[in-house]
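> Numbering (our numbering), first residue to last: 1058 to 1376.
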């Protein structure tokens, strides 16, 4: 078996082992994210429980409640509590959807891990390394160390290239969903303008809330897409912290912003407008991040070509 054949086999096994390593890290991240989202759901439930208690207290007889009902204060307090409860329910529903998606991702990741035989791959890798050492002793003993260093760098480049390509694909998926979300919000904003400022009537109100419901679903799709993109970027950063620094703080957890104070007519219109602006900023961030990782991909590909040339020069394989 030639050196290049041995290297090709080693590269295939190496990539499979790195895939297992990535899946284990993803499993760990998804488990942490699920723990966090479950804690959020528990907190929302506690807040809703407290609001229900306060609403029951407002309904019960007391002289303070009686005075507040004369002044209209009681109805104002009731409206505030109901609005807050409705917003909490929206946030809790979004958290439940996120929990479901993260759980599905965890199931898929665990399933793929269970199908992998890490020990078998490790054994195969050790055998290939041993065969390469025998080859080096026989043909190129004085160049063995340099050749091994070059090949280690080449393998790491191959792995990083795969990670960048996967992150780019996930990022483009996020862009597609964010763009779609923006279109739905545009439509909701148009109906909101008609209803709020031009007196659109029942039809406009119905269509506006229909579009808001659609927007909520799109917001969730965008949020899970951004979470997946962020997870892919973390894999790249772990492999390339010196050369690639990406701030992902603005990528996730923006749906809450859309849900706050969305129930009054004026607030609905202004909140939709603000959400559109926020999504536009996130879209710009994602596009800029994809440009960054594409630039990194070019550097990795150039490095790969350089390493192959050096390796072939040592092996006198001027191909």
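Here a beta-carbon is modelled for each residue, glycine too, at the ideal position from N, C-alpha and C.
For residue 1370, count neighbouring C-beta atoms within 10 Å of its own C-beta (all shown protein chains included) and say buried if the count is 16 or more, exposed if not.
When all chains shown are included, residue 1370 counts as exposed.
> Would residue 1028 and residue 1367 qualify as a contact pair, given that the criterion is a beta-carbon distance under 9 Å?
Limits of the chain in this structure are 1058 at one end and 1376 at the other, which puts residue 1028 out of reach.
> Quick check on DSSP: helix, strand or coil for residue 1034?
Outside the modelled stretch of the chain, which goes from 1058 to 1376, sits residue 1034, for which no answer is possible.
> Given residue 1112, which residues of its chain have a CB within under 6 Å of its CB, disregarding the five upstream and five downstream residues?
Answer for residue 1112: 1138, listed in chain order.
> Are residue 1282 and residue 1227 touching if we call contact CB-CB under 9 Å?
A contact, by the Cβ cut-off of 9 Å.
> I think residue 1340 touches residue 1235, with their Cβ atoms under 8 Å apart; what is that distance to the nearest whole Å?
Between residue 1235 and residue 1340 the Cβ distance is about 5 Å, and since that is below 8 Å, they are a contact.
> With a 10 Å radius around its C-beta and 16 neighbouring C-beta atoms as the bar for buried, classify residue 1168 as buried or exposed.
The residue in question, residue 1168, is exposed, as its Cβ has fewer than 16 Cβ neighbours within 10 Å.
> Give a yes or no on contact between the region 1177-1195 and the region 1336-1350, applying the rule of three or more CB pairs nearer than 8 Å.
No, the region 1177-1195 is not in contact with the region 1336-1350.
> Please list, in chain order, all residues of the same chain as residue 1070 whose beta carbon is under 7 Å from its beta carbon, the five residues on each side excluded.
For residue 1070, where only same-chain residues beyond five positions count, the Cβ hits under 7 Å are 1178, 1181, 1182 and 1185.
> Between the alpha carbons of residue 1143 and residue 1156, how many angstroms are there, rounded?
Cα to Cα, residue 1143 sits roughly 20 Å from residue 1156.
> For residue 1059, name the three-state secondary structure that DSSP assigns.
Residue 1059: coil per DSSP, three-state reduction.
> Measure the C-alpha to C-alpha separation of residue 1145 and residue 1101 and round it to an integer number of angstroms.
Cα to Cα, residue 1145 sits roughly 6 Å from residue 1101.
> I believe residue 1275 touches residue 1241 by the beta-carbon criterion, under 8 Å. Please report the beta-carbon distance rounded to the nearest angstrom.
Confirmed, about 5 Å.
> Do you know how far the Cα of residue 1199 is from the Cα of residue 1187?
Going from the Cα of residue 1187 to the Cα of residue 1199 covers about 17 Å.
> In its own chain, which residues sit with a C-beta less than 6 Å from the C-beta of residue 1316, not counting the 5 before and 5 after it?
Bear in mind that a pLDDT of 49 at residue 1316, under 50, signals an unreliable position, so the model cannot answer this.
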